[in-house]
Each structure stands twice: as C-alpha cells, then as structure tokens.
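Just so we're aligned, residue 0 is where the sequence shown starts under numbering that gives the first Met the number 0, counting upward by one.
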Amino acid sequence: MELAAILISALALSLSVFTFYWTSIREVKKFYLIRVDRMAAMLTPEFALVNGGSKDILITAIECGFDNKDKNGCSYPAQRIEIDESDSRLLPAGKAFHCKVRFLEPFTSSFALEGEKDARMVPPVYQMEMRVDVTWIEQNGVSRKASAIISKYGFSEDGHITMHTPMVIKHDLYKTP
Numbered sequence: 000m001e002l003a004a005i006l007i008s009a010l011a012l013s014l015s016v017f018t019f020y021w022t023s024i025r026e027v028k029k030f031y032l033i034r035v036d037r038m039a040a041m042l043t044p045e046f047a048l049v050n051g052g053s054k055d056i057l058i059t060a061i062e063c064g065f066d067n068k069d070k071n072g073c074s075y076p077a078q079r080i081e082i083d084e085s086d087s088r089l090l091p092a093g094k095a096f097h098c099k100v101r102f103l104e105p106f107t108s109s110f111a112l113e114g115e116k117d118a119r120m121v122p123p124v125y126q127m128e129m130r131v132d133v134t135w136i137e138q139n140g141v142s143r144k145a146s147a148i149i150s151k152y153g154f155s156e157d158g159h160i161t162m163h164t165p166m167v168i169k170h171d172l173y174k175t176p
C-alpha cells in the first residue's frame, strides 16, 4: 500500500515538473510572414506577421524592396508600413500584426527598367520580385533578420504597375535567410 502511494506521488511530481517545463521554461521559436491576398494587393501589398512562439518579440524594422534583374541588388522605394493601426512594434506570443505597404511616390521609368524584361509581352513589361525584410529582437537580446519574397510585379516602361503575381503564401522567418 505504501509502495503504491509512493509511486503515485512520484508520478504526480514527474508530471508536474514536465508540465512546468513545457509551459514555462521551454522556448518555442515560430515567426511567420503570411501574404494576404486581396484585390488591392496590386497597389497596396498586405501581409501578416505571426508570432507562433512562446516569447514576445520586438520588431525593429520592416521594409519592402524590389530585386533588380541581376538579383545582385535591391531597390527600396519610399514607403510607409501600416501595422494594425498601432504604433507598438512589440508582437506578443501567439499574436499577429496585419501590415499594409503604402508606396509614397509613384514609380519612375528608371526604376521600372531595372526589372527583367519579359519579351513575350507587348508593350514590354519589366518584372521584379518584391521582398519583405524583417528585423526583430528576441527576449534574450538576440537580433535576427530575414527576407521573404511574396510577389512579382510587372511595370510598364513609364513605371506604372501592370501586373501582380503572388508568390509563396507562408514563410517561416526562422528558416529563411
């Protein structure tokens, strides 16, 4: 009888220690960028940043850029990123931010000509992949940065957006360089 009570107590203690570790000590790192598809995404790209981890993170920078045709450079047009009508960039564990990109100036012809020319299109279309660069700090003070390509845009020679092709919908920012 005493042996059964001791075994049950030891099992309960083990379960309690495991539960404490699993809920309080174990650190889960999951941070995703998810493309949001809407009709307005052609002119106003949208995406969500989702903290699926167990600790809060501080987003220090978000910026959208367009890769040039040689893939050895990126152009960052003037822009403003709107985050859920909030000024705070602290993303709590288990929460998400909805982000909208507003380009502050029209695209120019010199910008458009940096893209890869699609010879099949008449008039010519210059295509560029749009990337989102995110920099964040974890609670342990480690700073991280990742980029995710979410769309391909086509520009006319005068800099107007003529097409939009969505790319990968979900990016794991801990696994993306």
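Heads up, the beta-carbon is just placed ideally off N, CA and C, and yes, glycines get one too.
All values reported here derive from a predicted model rather than from experimental measurement.
State the Cα-Cα distance for the pair residue 78 and residue 100, rounded to the nearest angstrom. Their backbone Cα atoms lie some 7 Å apart in a straight line.
Check each candidate in 164, 43, 9 and 93 and name the one with the smallest Cα separation from residue 63. A check of alpha carbon separations from residue 63 across 164, 43, 9 and 93 identifies 43 as the nearest.
According to DSSP, is residue 7 part of a helix, a strand, or is it coil? Helix at residue 7.
So, is residue 21 buried or exposed, given that buried needs 16 or more other C-beta atoms within 10 angstroms? By the neighbour-count rule (16 or more Cβ atoms within 10 Å), residue 21 is not buried but exposed.
Residues bridged to residue 77 [DSSP beta-bridge criterion]: Paired residue(s): none; residue 77 is not in a bridge.
Is residue 157 near residue 108, with beta carbons less than 8 Å apart? Yes, the pair counts as a contact, with Cβ atoms nearer than the cut-off.
Please state the DSSP three-state secondary structure of residue 175. Here residue 175 sits in coil by DSSP.
Less than 8 Å between the C-beta atoms of residue 122 and residue 155, yes or no? Yes; because the gap between Cβ atoms is below 8 Å, this pair is in contact.
Give a yes or no on whether the C-beta atoms belonging to residue 139 and residue 92 are separated by under 8 Å. No, the pair does not count as a contact, with Cβ atoms beyond the cut-off.
Quick check: what's the CA-CA separation for residue 46 versus residue 169? Each residue's alpha carbon lies about 10 Å from the other.
How many Å lie between residue 165 and residue 32 at the Cα? Roughly 14 Å separates the two Cα atoms.
For residue 1, which of helix, strand or coil comes out of DSSP? In this structure, residue 1 counts as helix in the three-state DSSP scheme.
Looking at the strands, I want to know which residues DSSP matches up with residue 45. 35 and 99, per the DSSP bridge assignment.
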